[in-house]
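Worksheet: the structure to be examined is printed underneath.
2 protein chains.
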Amino acid sequence: MGLGRRRGLDGHVSRRGRAKLFKAMTSTIERVDHTSMANAIRALAMDAVEAAGSGHPGMPMGAADMATVLFTKVMKFDPKEPHWPDRDRFVLSAGHGSMLLYALLHLLGYEGMPIEEIRNFRQWGSKTPGHPEVNHTPGVETTTGPLGQGLATAVGMAMAERSLNATFGDDIVDHHTYVIASDGDLMEGISHEAISLAGHLKLNRLIVLFDDNEISIDGPISLSESGDQIARFEAAGWDTVRVDGHDPDAILDALEAAKRSDRPSLIACRTIIGYGAPKKQGTSGAHGAALGAEEIAATREALGWPHEPFEIPTDIRDAWRIAGLRSGQARRAWEKNLAELDREARAEFERRIRGDVTVALAPAIAEHKRLLAETKPKVATRKASQDVLEAINPVLPETIGGSADLTGSNNTKTKGLEVYDAGNYGGRFVHYGIREHGMAAAMNGMALHGGVIPYSGTFLVFSDYCRPAIRLSAIMARRVIYVLTHDSIGLGEDGPTHQPVEHLAALRAMPNLQVFRPADATETAECWQLALETKDRPSAIALTRQNLRTLRTTYEEQNLCARGAYEIAPAAGDARVTIFASGSEVEIGVDAANELQKRGIATRVVSVPSFELFFAQSKEYQRSLTEGCEVRVGIEAAVEMGWRRLIGEDGIFIGMTDFGQSAPYQTLYEKFGITAQAVVEAVEARLSEKRSEEE
Amino acid sequence: MGLGRRRGLDGHVSRRGRAKLFKAMTSTIERVDHTSMANAIRALAMDAVEAAGSGHPGMPMGAADMATVLFTKVMKFDPKEPHWPDRDRFVLSAGHGSMLLYALLHLLGYEGMPIEEIRNFRQWGSKTPGHPEVNHTPGVETTTGPLGQGLATAVGMAMAERSLNATFGDDIVDHHTYVIASDGDLMEGISHEAISLAGHLKLNRLIVLFDDNEISIDGPISLSESGDQIARFEAAGWDTVRVDGHDPDAILDALEAAKRSDRPSLIACRTIIGYGAPKKQGTSGAHGAALGAEEIAATREALGWPHEPFEIPTDIRDAWRIAGLRSGQARRAWEKNLAELDREARAEFERRIRGDVTVALAPAIAEHKRLLAETKPKVATRKASQDVLEAINPVLPETIGGSADLTGSNNTKTKGLEVYDAGNYGGRFVHYGIREHGMAAAMNGMALHGGVIPYSGTFLVFSDYCRPAIRLSAIMARRVIYVLTHDSIGLGEDGPTHQPVEHLAALRAMPNLQVFRPADATETAECWQLALETKDRPSAIALTRQNLRTLRTTYEEQNLCARGAYEIAPAAGDARVTIFASGSEVEIGVDAANELQKRGIATRVVSVPSFELFFAQSKEYQRSLTEGCEVRVGIEAAVEMGWRRLIGEDGIFIGMTDFGQSAPYQTLYEKFGITAQAVVEAVEARLSEKRSEEE
């Protein structure tokens, strides 16, 4: 009897009926052997890649055994409730092996994953893109493909799990994060940051299966690798074991031992890439291309899999479906636990999982803005950021802050935030170490896990070090907040290696990332509010090292930064000039405007805290800021790229054209000509040019 | 007698006189003890930081002992000839400790490093910027500061050394690369890539001194690190030893043992940060700020250093100068060896060191272009790149190619290139493994070392993984060639994680980087020529996975790409429309122009292989490409950022606004509206808008 006919029973039968059903299920699983279930994955993988004419059959065929053990014997999850909060997380770090995951999701009976999706592998609009994409395919926990990211993201998931466990207890949050990683994942530098961090934090809920197939694209791994992965993970404080990756009992034993460990675990599974393909297995020929009709036929024979492409025999399908249904038990037990929580705790847990901010947040920020309007502090925006965080963190208990060893420079640690470490998972501040990339990926993992809001700091120039992870924040549309201080030549003496000049442009180029560059303390507060209240986009907040005066001197209830750009200083009369500027350069714009107005040239200053939000405004609003102007100016202590959309081809841009230099920052602004005087001179020169053209 | 008075003797005395002089020198060195020499570094470091009011005294004070041993007892170099090719290389990976290096260079008597430069630490125009900068300060081998880069760059230096040794022999090339690295260097992910690669390649000329002071900015390293560095380096195939970093004999023994090893060596030196500062030593308080007058006074006392700031007693100064002069011996011996080389080999060595390309290069490329004009191949530009490399590599023996495990995809390996590995340093193709960042930094090291021209490949999207190293290529103005294939949605099924959309903009934003995106095989050849012939800039060449037809159908001797943008298809009559496009989108532009011209709209197509080179042309030339046009169009399968400078605010941009998707590439171009038809429609709509506005 096909399982299809039994669907829907789950949850609608008596306890005794359920017990009977599970007994029947278990006997079905036992009747179908492990190898047949694993071969179903292998067959789907090779057939899907063959149909697509491209893809990666070797990895799924090699890793089918470990995946089968993991999903049928170890993990808890529920295909009917893919987002059940206390599920185990699975991360296919070797994302090119996407067919492994799609085959699993299909076989386990995830909604929206019928066989048609497998047939449409890598086609427009399918649920089965080339690499796994979260948001897009139910059951996919994170977008993977860029190597190393999955492993590092999983570290963040495991961190979030322990954090929520510390808050809500074992009955509500108590799960594992499993990773399948490849040679490539472990060669990437980010893997070092991830495993050191996980070892340091003793994340024993993190279990990595290393698909140790000794093959990379170029050929045998020995072409480029002579290291000892086991020794390396041990050096980072992990438990390790090596097993035959095609021996299900050994894999199961290793997984069970790993679950008992007090440290993160690496299970190195020696596998054969393309397992079952007589000619291509064990070679790079199985890695990244369809096997071809002949080899597929031979593989069917070798595996004893006589079925048609995309055909799964009923008993094997049933065995998989039952494995999928089995987890319903764990979920039901958990739901009982949740129901038993007191009302307040339950509401808080559910709010956190929904990702809504607390109702106390907006008033706290409003209050802070009122205070700023009164006190008009002259502070660096990095300090202003800390000040608003002092208001935010007490009313938003789900924030987890951190820094890549620049805590005192990034100003991300507020009073009363305890350190998150192996002795205190209830802490809310992470010393990530000098691991920007691992930090960013961990934040992605936390945001994906849900229940926490990660923010963390480094210098803006080092956004380059974590750019691949920032890109994934953006692709995955997750609320990850990057605090990027020391945002220009304004950092002074540390010189060109530390002075970002192209980074604002490079970040603004990235789709779906909100890049903020506030001009004073009030704008800093508003940008933080926008970053926190936007559930589905990451934000980068660029902040100064040097002090800036308060430009927003009166309290405005409205979040003016929400428009991306707005008039911060009106012209005296009809504006002939509009000066656009961001961050620390807005005060230069204001000074220039004052001087121009003294000279009879009415000038408006527009602060531009966010290009993205401004370009999303109506054309009318955008135009209103330059209406009637003869000259547009842009000021930013950075390269011009991106500014022409604001100031036009003929606009005057005052900024950087090359890398910076080492000197006190006032000298640098002077030497590089980013001063109010330079603006005034350029505007006057342009106006007189225009006059002489007209004459 | 101060050594100053003896200056200039070097090389002007008889052999016997020299022997006598060296004997006198040696006795001076022996009279002045190690500790006094090391304390000179400590004093200069703390005084310079104090004078600047910012900087990092702790590292130089802690590492002074190891540096003193290294520079006085081990390394070969010549302060009078800082660029002597067979010198040992020294890399201060912990670049924030720049005062260590500046103190050494000053004390050793490097030209251009008088005490005034030390007094002007971190000031505008000084030779002593916040972090060491190659090109800027004699004796600085590489720009460091961004952590991990120095170590990874040193790997490339050691690779280049072995490569040249294989070609020119032990008499001409036989030196070591020494690194001082910090905890931070070893936490960064790039360190993993670097040490795995070095271990794999058995680079026994690479010796790393780990300044193991157990302190990072946030505090004790235990806040964020629990790993075992010794075990980790051993896992990567290194020799390791731990010593007391304040015991000069132990350091010397370890260095001598390391020089005998058949593997790269790590010497973990346990040091005390800020050694000598009674209150701040051993704490993060000594790391990144001036010690303050009181602590400096106490340090003077503790070290037994009663001298005024910036004052070095004559005997200590002499001892250092003598250590500097001593190396002249090694250089003279080497010069004799060079003189004994046969004329041809010597000329070749000198050409390579100058960085001039061979005279055979230009004719080989011209010949290749002639062939292309005849055969008009329809190939992917990545394949066209391989084809031109087949012409280049035989006539340019200093190229060292490679790939980050994408050899068959990047098409960087040409016929007859042997693999560079531990068994064959004469090979010219490096299997870098899945280590983009380590690869890029290694290329920087090779280019800095000189004598070789490195080029290597990965996917364009993974330029993010090596961006910090690309930035250093650009800052350091070195000829490093990045082959970046799969340059748009044109890669198809691999989907958004692999499809660059923002990377061209992000790379173009970087000062001093040449970004090329050729449109066909001929442009590919021309871009390669420009990349190779530009000695002082790195290049990124973006190449397609998909086939493109030949657009340059006639042979032109001139390198048309040198202008950055040029008319590739003239308008039939006076152009009303100019279409700018790059790479794979140029053929879309040509098709659109043909269709528009059929409809009576004269249209010019401009290919834009390089924004940077185009914007460097005269305004007249730039304007000539749009003269008389009513409509400008830009086509690039990427985000718009940067294009407004070409097409103006009102120009039509046909490209991407978000991340890509997984599907066959033809479908993607269609779905994302990057087609000739879309261009034609947009142009017609714009022209009719204009007409109705005029009416």
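Those sequence lines, one after another, are chains L and G. Take the first sequence: its letters are residues 1 to 695, numbered as in full-length UniProt numbering. Take the second sequence: its letters are residues 1 to 695, numbered as in full-length UniProt numbering. All residues carry an ideal CB built from backbone N, CA and C; glycine is no exception.
What is the DSSP secondary structure of residue i, counted as helix, strand or coil?
| i | result |
| --- | --- |
| G/F580 | strand |
| L/H431 | strand |
| residue 699 of chain G | As displayed, chain G neither begins before 1 nor continues past 695, which places residue 699 of chain G out of reach and without an answer. |
| G/S93 | coil |
| L/Y420 | coil |
| L/E612 | helix |
| G/A540 | strand |
If you draw a straight line from the alpha carbon of residue i to that of residue j, how long is it in whole angstroms?
| i | j | result |
| --- | --- | --- |
| L/L372 | L/V419 | 29 Å |
| L/E436 | L/S539 | 16 Å |
| L/H192 | G/M187 | 8 Å |
| G/R517 | G/E308 | 58 Å |
| L/L206 | L/G457 | 24 Å |
| L/D356 | L/T667 | 46 Å |
| G/G285 | G/P57 | 10 Å |
| L/G276 | G/T399 | 41 Å |
| G/G288 | G/P60 | 11 Å |
| G/A160 | G/V515 | 25 Å |
| L/T72 | L/G95 | 21 Å |
| G/M443 | G/A525 | 21 Å |
| G/T554 | G/A521 | 12 Å |
| G/K127 | G/I115 | 11 Å |
| G/A542 | L/I652 | 31 Å |
| G/A441 | G/A103 | 26 Å |
| L/L80 | L/A362 | It should be pointed out that residue 80 of chain L corresponds to Lys in this sequence rather than to Leu. So the two alpha carbons sit approximately 36 Å from each other. |
| G/H503 | L/G227 | 32 Å |
Mind checking if residue i is an interface residue toward chain G, Cβ cutoff 8 Å exclusive?
| i | result |
| --- | --- |
| L/T667 | yes |
| L/T497 | yes |
| L/Q123 | yes |
| L/S196 | yes |
Exposed or buried, residue i, counting other C-beta atoms within 10 Å across all chains shown (16 or more means buried)?
| i | result |
| --- | --- |
| L/G53 | exposed |
| G/H498 | buried |
| L/A616 | exposed |
| L/I674 | buried |
| G/T314 | exposed |
| G/T603 | buried |
| G/V680 | buried |
| L/Q546 | buried |
| L/R623 | exposed |
Using a Cβ-Cβ cut-off of 8 Å, state whether residue i counts as contacting chain L.
| i | result |
| --- | --- |
| G/M187 | yes |
| G/R467 | yes |
| G/H106 | no |
| G/Q661 | yes |
| G/L406 | yes |
| G/G8 | Because the pLDDT of G/G8 is 37, which lies under 50, any placement of that residue in the model is unreliable, and the number read from its coordinates should be weighed accordingly. No, no contact with chain L. |
| G/R270 | no |
| residue 723 of chain G | Because chain G spans 1 through 695 in this model, residue 723 of chain G falls outside it and cannot be assessed. |
My understanding is that residue i touches residue j, with C-beta atoms under 8 Å, so please give their C-beta distance in whole angstroms.
| i | j | result |
| --- | --- | --- |
| G/I172 | G/L341 | 7 Å |
| L/L209 | L/I267 | 5 Å |
| G/I601 | G/L507 | Actually they do not touch by this definition, with Cβ atoms about 33 Å apart. |
| G/G62 | G/N213 | 5 Å |
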